Amino acid sequence: MKLYQSALMLLVTASLALGQVPEDQKQKIAEASPTEPIVKVDTKRKLLVFSRTTGFRHKSIPWGIEALRVMGEKTGAYTMDATEDPAAFTDENLKQYDAVVMLNTTGDPIPDASQQKALEQFVAGGKGLIGIHAASDTGYKWEAYGKMIGGYFNGHPWHAGSVVTIANEHTSDPINYAAYGDQKTFQHRDEIYQYKDEPYSRDCLHILQSLDLTGPNMDRKGMKRADNDYPVAWIQQWQAGRVYYSNLGHNEATYWSTPVLKHFLAGIQYACGDLKCDATPSNKLDKK
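The working numbering puts the first residue of the sequence shown at 15, with every later residue one more than the last.
Below you can see the structure in the form of C-alpha cells.
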C-alpha cells in the first residue's frame, strides 16, 4: 500500500497552501499562470512537492505551493501532492511520482539515511528533481544531494529587494526560450544566491541563466567568487534522471511573474522527461 493516499495528500496541500495566501494575491497567481503546457502530454505527470525546513523558513512557501498547484491545473501538465513529512521518501511511495520538487527546503529536511537513499535512487533511476531557491540551502552533510542539486548556498549579496539583471546564456535552450523567447537579458526583483566552489561546477552543469554583472547596481559587498560566476538556473543529467534548479523564488511576487512561472514549468517538464533539452555541461559545449 502506498504511504499516502491522494485524498490525504490533497488535504496536506490545502493546509500548506490555502488560508495563508491573500485572495488578491491568489488572483495574481492565477492570472500570471501559464495556461498551456510547454510540451503537450498524453498522461499528466505527478509531482511530490516537499517544503520542510529545519533552518530559515521562507514566508513565500505557501505562495510557491499555490503557484505550482494552479499551474498544474491550468496547463494539465501535472498533478501534485505537497508534504513536509520526510516519511514520504520511501522507494514504495516514490513510485507514484515522476519528479520531486524541493521548494525552499532548508537545513536537514530529509535526515534519515534510508530516506536520502530513496531520493537518490529515484532520480538516478530515471525520474526528476526540481529545486526552487533554497533547495540549494539544504543537505550540507549529504554529499550526494549537493552534487545532485548542483550547488550549495554561500550567501546572498543581492537581497530580496534587489533588482538584478539576469542573462539567458543561450536563448535557444528550450527552457529559456519557452519563458523569454529571444530575450537575452531581463530584470527581476528577488534574492540571489552565490554558491560554494564545490560541488558547483560548469564542468557538471548546463547553465541556463546567470547574473549579468554589467547591469546597474550589480556590484555588491560580499561577492565571494573570484571567477565572477553567479548562476541563476541550470539543468543536469543525473545518471538516468534529470535535474532542474532555479535560484528564483524567495519573494512572494516571484510566484506571479509569468516568465518565471513559464521557466519553472519548462524545467518541470524537462525533469519529468517531456521537454527534451541538451544538458551538456556548459564548459563542454564548445568541445561538442
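A virtual CB, placed ideally from N, CA and C, is assigned to each residue, including glycine. Computed from a predicted model, the values in this text were never measured in an experiment.
(Q) Can you tell me where the beta strand (DSSP E) holding D95 begins and where it ends? (A) Position 81 of the sequence shown holds residue 95. D95 -> beta strand (DSSP E) spans 92 to 97.
(Q) According to DSSP, simplified to helix, strand and coil, what is A254? (A) Along the sequence shown, one-based indexing puts residue 254 at 240. Correct three-state label for A254: coil.
Q: Quick one: grab the DSSP three-state call for Q39.
A: Counting from 1 along the sequence shown, the entry for residue 39 is found at position 25. Here Q39 sits in helix by DSSP.
Q.
Can you check which of these residues, I163, N182, Y194, A254, is closest to Q135 by C-alpha distance?
A. Indexing the sequence shown from 1 puts residue 135 at position 121. The residue with the shortest Cα to Cα distance from Q135 is A254.
Q.
Tell me which residues share the same chain as D207 and place their Cβ nearer than 6 angstroms to its Cβ, disregarding the 5 neighbours each side in the sequence.
A. Sequence index remark: in the sequence shown, residue 207 carries index 193 (1-based). Note on residue identity: the sequence assigns Tyr, not Asp, to residue 207. F167, H170, N261, listed in sequence order.
Q: Take every Cβ of the segment 58 to 77, pair it with every Cβ of the segment 211 to 227, and state whether three or more of those distances are shorter than 8 angstroms.
A: no
Q: Could you check how far apart the C-beta atoms of V137 and F64 are, in whole angstroms? I think they sit under 8 angstroms.
A: Along the sequence shown, one-based indexing puts residue 137 at 123. Along the sequence shown, one-based indexing puts residue 64 at 50. At roughly 13 angstroms, the Cβ-Cβ gap does not stay under 8 angstroms, so V137 and F64 are not in contact.
Q: Tell me whether P171 sits in a helix, a strand or coil according to DSSP, three-state version.
A: Your numbering for residue 171 matches position 157 in the sequence shown. In the structure shown, P171 sits in coil (DSSP, three-state: anything other than H, G, I, E or B).
Q | Counted within 10 angstroms of its Cβ, other Cβ atoms place F70 as buried (16 or more) or exposed | A | Locating residue 70 in the sequence shown gives position 56, counting from the first residue. Exposed.
Q | Pair within 7 angstroms by beta-carbon distance, H264 and E183 | A | The count along the sequence shown starts at 1 and reaches residue 264 at position 250. The count along the sequence shown starts at 1 and reaches residue 183 at position 169. Contact: no.
Q. In the DSSP assignment, what are the bridge partners of F200?
A. Your numbering for residue 200 matches position 186 in the sequence shown. DSSP lists I180 as partners of F200.
Q. What does a CB cutoff of less than 6 angstroms around C286 pick up in its chain, not counting 5 residues either side in sequence?
A. Numbered from its first residue, the sequence shown carries residue 286 at position 272. Same-chain partners within the cutoff: R59, D112, A113, G142.
Q.
Alpha carbons only, please: which of E37, A81, K276 is nearest the one belonging to P188?
A. Residue 188 sits at position 174 when you count from the first residue of the sequence shown. Taking only the C-alpha atoms, the option nearest P188 is K276.
Q) Expressed to the nearest angstrom, what Euclidean distance is found between the alpha-carbon atoms of L225 and P125? A) Within the sequence shown, residue 225 is the residue found at index 211, counting from 1. Within the sequence shown, residue 125 is the residue found at index 111, counting from 1. Taking the straight line joining both Cα atoms gives about 33 angstroms.
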